[in-house]
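J.: One structure, as structure tokens, below. Some questions next.
Residue numbers (the numbering used here): 459 to 638.
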């Protein structure tokens, strides 16, 4: 099996780290290997109330990869990825956030993400398409806004129908190091 294409069960990704190093194994010895984060994270922050009939959020996205090349440190297959995030009862009536992961194909990459709020019967409650979402390894790309057209933290608003999302980056994931 080739080492340049690492696949994950059901193409499902989470926070993933990798390390590559050539070593010559002799009699004993100690080797250090620095692990690096291989994925980028997209975070959708829904600032308005999630309607009661929403049972799950579906994220369909292209431009990233669910297959990893550990030699290059990037995704190596043009993937169509789909993730579902359940919306528990305690998240209705308040804002929430959802996160998905991908392996970027290059240092700077873009995703096209379709975020869909679905009922228990898979009926579309609301949907937004995010074009050219910038992603980078070890970076959280966050979109925040009123997904359902309501007021932030409040009920369903009538509003003008305009929905605005704000893009922000969080480049520093926190590392907690333990010694033993």
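In this text, a Cβ means the ideal position worked out from N, Cα and C, and glycines have one as well.
These numbers come from a predicted model, not from an experiment.
Report buried or exposed for residue 496, applying the criterion of at least 16 other Cβ atoms within 10 angstroms of its Cβ.
T.: Position 38 of the chain shown, counted from the first residue, corresponds to residue 496. Buried, because 16 or more other Cβ atoms sit within 10 Å of the Cβ of residue 496.
J.: How about the region 593-602 and the region 493-509: do they share at least three Cβ pairs that are nearer than 8 Å?
T.: The region 593-602 vs the region 493-509: in contact.
J.: What is the DSSP secondary structure of residue 479, reduced to helix, strand or coil?
T.: Sequence index remark: in the chain shown, residue 479 carries index 21 (1-based). Three-state DSSP puts residue 479 in coil, outside helix and strand.
J.: Under 6 Å Cβ to Cβ from residue 500, same chain only, skipping five residues before and after it: list those, please.
T.: By 1-based counting over the chain shown, the position of residue 500 is 42. Correct list, in chain order: 558, 599.
J.: Assuming residue 592 is part of the beta strand (DSSP E), what are its boundary residues?
T.: Numbered from 1 along the chain shown, position 134 holds the residue referred to as residue 592. Per DSSP, residue 592 belongs to the beta strand (DSSP E) from 582-593.
J.: Could you tell me the alpha carbon to alpha carbon distance between residue 511 and residue 547, rounded to whole angstroms?
T.: Walking along the chain shown from the start, residue 511 turns up at place 53. Walking along the chain shown from the start, residue 547 turns up at place 89. The alpha-carbon atoms of residue 511 and residue 547 are separated by roughly 10 Å.
J.: Drop a sphere of 10 angstroms on the beta-carbon of residue 489, count the other beta-carbons inside from all chains shown, and report buried for 16 or more, exposed for fewer.
T.: Counting from 1 along the chain shown, the entry for residue 489 is found at position 31. Classification for residue 489: exposed.
J.: According to the neighbour-count rule (16 or more other Cβ atoms, all chains shown, within 10 Å of its Cβ), is residue 569 buried or exposed?
T.: Residue numbering aside, residue 569 sits at position 111 when the chain shown is read from its first letter. Label assigned to residue 569: buried.
J.: Kindly indicate if chain B contains any beta-carbon less than 8 Å away from that of residue 481.
T.: Checking the listed chains, one finds no chain B in this structure; it contains a single protein chain.
J.: Terminal residues of the continuous beta strand (DSSP E) containing residue 501?
T.: Within the chain shown, the letter at position 43 stands for residue 501. Taken as a continuous stretch (DSSP letters only), the beta strand (DSSP E) holding residue 501 covers 498-504.
J.: How is the beta strand (DSSP E) around residue 575 delimited, first residue to last?
T.: The residue labelled residue 575 in the question sits at position 117 within the chain shown. Its beta strand (DSSP E) spans residues 567-576.
J.: For residue 549, which residues of its own chain have a beta-carbon under 7 Å away from its beta-carbon, when the five flanking residues on both sides are left out?
T.: In the chain shown, the residue the question calls residue 549 occupies position 91. Closer than 7 Å at Cβ, skipping near neighbours: 508.
J.: Considering only DSSP beta bridges, list what residue 650 is partnered with.
T.: Absent from the structure is residue 650, since the part of the chain shown begins at 459 and ends at 638.
J.: Tell me the DSSP secondary structure of residue 513 in three-state form.
T.: Taking the chain shown and counting its residues from 1, one reaches residue 513 at position 55. Of the three classes helix, strand and coil, the one that applies to residue 513 here is coil, per DSSP.
J.: Cα separation between residue 544 and residue 586?
T.: For the purposes of this step, residue 544 is taken as residue 86 along the chain shown, with counting starting at 1. For the purposes of this step, residue 586 is taken as residue 128 along the chain shown, with counting starting at 1. If I take the Cα positions, the gap works out to 18 Å.
J.: For my contact list, residue 526 and residue 561 are in at a C-beta cut-off of 8 Å; report their separation, rounded to the angstrom.
T.: Start at 1 with the first residue of the chain shown, and residue 526 comes out as number 68. Start at 1 with the first residue of the chain shown, and residue 561 comes out as number 103. Yes, residue 526 and residue 561 are in contact; Cβ-Cβ is about 5 Å, under 8 Å.
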